[in-house]
């Protein structure tokens, strides 16, 4: 665990420091977010946060290569991590070009497909499913490549869609990365197998990079991640889950720790986890596509009807809207991990109680605060407007 904590801190500190450099680079190249009707920021803000996060990920990877804990791990752990970061660097470059010149949607999609092709080319794809009874199901390479591309590109665009409020995308992905890391680490601990894995290394570094960037991106933000950041962290998160495919033998699970149904859930978790982690942005993505296509517009056409915009409309402040989205992301990601790893009524009750509290915060809190605000602003009938203003 100490090695992973070190990598988290390295990614966070390097990202935090490089953010200053990235901001200056964005200002010099004109990569600045202008104020548009659908935006919530009031002044132009530079992009290029993804460049800083990529630097943090690379720094964590270089340090990991020198740590005995990971250097003595199977060769594929560091090799696969390097391949994922390479694909991330490619999609980050596409994002940088978009931040400067505003590429069209199809060009960006082509960059996403090319980055996914790098993963598939190095055999980082869904390939094998091992059931709890030891039976193995091999996925056809072509089908595995298509499934990998579908998951990666969907997650990348889901993260890109929710990057609409200060700190929202970085926080949601950081929470998801921590949940996936918890699953990887606890799974190996419960079953007493090697702690070093590609997914654990990638997710802990990704979480650190998100934290380092959030210090600059929290409202009011001094820097936006831009497409260079949203596509990068989306790809790293999705690829981390893909590397779990076939890594663990569900038939070798500790039967004292898991029952058959839970073991079956672990079998399919590499496919389901990135979707459960990002269920909120994925719902937002689906709603946006349906909404825009029904209106006869492109699914990639921007609007101001995302979930975070609706939170603002019902009375939440920008910071509170972001925190509520974080809570929903944490509930879905950590809830799915806890339900998978642990059994018993305590886990179920905890998830139900947390859900009820978040629902209250989401829908009831704005009404309570709105009523209080109305009372404070209410002018008694016997008081004239001028007298009220004087008060």
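Residue numbers (this note's numbering): 123 to 513.
Every residue gets a Cβ at the ideal spot worked out from N, C-alpha and C, and that includes glycine.
The model shown is predicted, which means the values in this text are computed figures rather than measured ones.
query: Beta-carbon proximity of residue 143 to residue 185, cut-off 9 angstroms; result: no
query: Residue 316 to residue 123 span [Cα, whole Å]; result: 12 angstroms
query: Beta carbon of residue 216 nearer than 9 angstroms to that of residue 233; result: yes
query: Environment of residue 245 [buried if 16+ CB atoms lie within 10 Å]; result: exposed
query: Of the residues 262, 173 and 247, the one placed nearest residue 221, counting alpha carbons only; result: 173
query: Cβ pair count under 8 angstroms reaching 3, the segment 315-335 against the segment 296-306; result: yes
query: Whole-angstrom distance between residue 175 and residue 325, CA atom to CA atom; result: 13 angstroms
query: Inter-residue spacing [alpha-carbon to alpha-carbon] between residue 297 and residue 291; result: 10 angstroms
query: Distance, residue 270 Cα to residue 364 Cα; result: 7 angstroms
query: 7 angstroms Cβ shell around residue 247 - same chain, five flanking residues per side excluded; result: 241, 266, 267, 270 and 364
query: Cβ pair residue 155, residue 348 closer than 9 angstroms; result: yes
query: Cβ neighbour criterion (16 or more within 10 Å) applied to residue 415; result: exposed
query: Span separating the alpha-carbon of residue 374 from that of residue 328; result: With a pLDDT of 47 at residue 374, under the threshold of 50, the modelled position of that residue is not reliable, and the figure given next carries that caveat. The alpha-carbon atoms of residue 374 and residue 328 are separated by roughly 29 angstroms.
query: Proximity below 9 angstroms, CB of residue 331 to CB of residue 288; result: no
query: Residue 443 versus residue 194: straight-line alpha-carbon distance, rounded; result: 44 angstroms
query: Same chain, Cβ closer than 7 angstroms to residue 455, neighbours up to 5 away in sequence not counted; result: 297, 298, 301, 398 and 399
query: Burial state of residue 145 (16 or more Cβ within 10 Å); result: buried
query: Which listed residue (273, 249 and 274) has its alpha carbon closest to that of residue 262; result: 249
query: Member of 165, 466 and 182 whose CA lies at the smallest distance from the CA of residue 346; result: 165
query: Assigned exposure category for residue 378 - 16 Cβ within 10 Å defines buried; result: Residue confidence for residue 378 is low, a pLDDT of 46 falling below 50, so the modelled location carries little weight; the figure read from the coordinates is stated next. With fewer than 16 Cβ atoms within 10 Å of its Cβ, residue 378 is classed as exposed.
query: Cβ neighbour criterion (16 or more within 10 Å) applied to residue 488; result: buried
query: Closest residue to residue 352 among 295, 140 and 139 (Cα-Cα distance); result: 295
query: Pairwise C-alpha distance: residue 341 and residue 441; result: 7 angstroms
query: Reduced DSSP secondary structure (H/G/I, E/B, other) of residue 191; result: helix
query: Pick from 147, 203 and 432 that is closest to residue 187, judged by C-alpha positions; result: 203
query: Alpha helix (DSSP H) segment containing residue 454, residue limits; result: 440-463
query: Nearest-angstrom Cβ-Cβ length linking residue 334 and residue 138, presumed shorter than 8 angstroms; result: 4 angstroms
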